[in-house]
Amino acid sequence: MKERITKSKGNVFVDLGFSREEATVLAMRAELMAKLRKLIADRDWTQQEAAKRLGITQSRVSDLVRGKWDKFSLDMLITLAARVGQRPSLVLLAA
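According to the numbering used here, the sequence shown is numbered sequentially starting from 50.
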């Protein structure tokens, strides 16, 4: 079977068929989750320590580090980032 490669439109969620609006939110969630996972790894936190600092359960930290993006709203990810001293911001770019 020959492998088929399709060039991305710049947002993998658009490529997967989500509307541009929904894809934008999903991409923001994915980026925030990745940054939180990196922060946890960079600080060498155990899942239990991360849970304490984030104010969530260890099982929620497990969902976070496993990339289960469907379990976290954008609002919750912003809240978690703020709880560990990050300053999330939104930048609007011209289309």
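No residue lacks a Cβ here, since even glycine has one placed at the ideal position from N, Cα and C.
Please check the pair residue i and residue j, which I expect to be a contact at CB under 8 Å, by giving their CB distance rounded to whole angstroms.
| i | j | result |
| --- | --- | --- |
| L123 | R78 | 5 Å |
| L75 | L129 | Actually they do not touch by this definition, with Cβ atoms about 17 Å apart. |
| R132 | L103 | 6 Å |
Considering only residues of the same chain and omitting the five flanking positions on each side of residue i, which have a CB-CB separation below 7 Å?
| i | result |
| --- | --- |
| G116 | M82 |
| A72 | N60, F62, V63 |
Compare the C-alpha of residue i against each of the options and name the closest.
| i | options | result |
| --- | --- | --- |
| E80 | D91, M50, I127, A143 | I127 |
| I105 | F121, L141, M50, D91 | F121 |
| R92 | W118, M125, G134 | G134 |
Exercise for the section: Say whether the region 53 to 63 touches the region 84 to 102, bearing in mind that this needs 3 or more beta-carbon pairs closer than 8 Å, one atom from each stretch. Expected result: Here the region 53 to 63 makes no contact with the region 84 to 102; the two share fewer than three CB pairs at distances below 8 Å.
Problem - Three-pair Cβ contact test at 8 Å for the region 61 to 68 versus the region 99 to 112 - result: no
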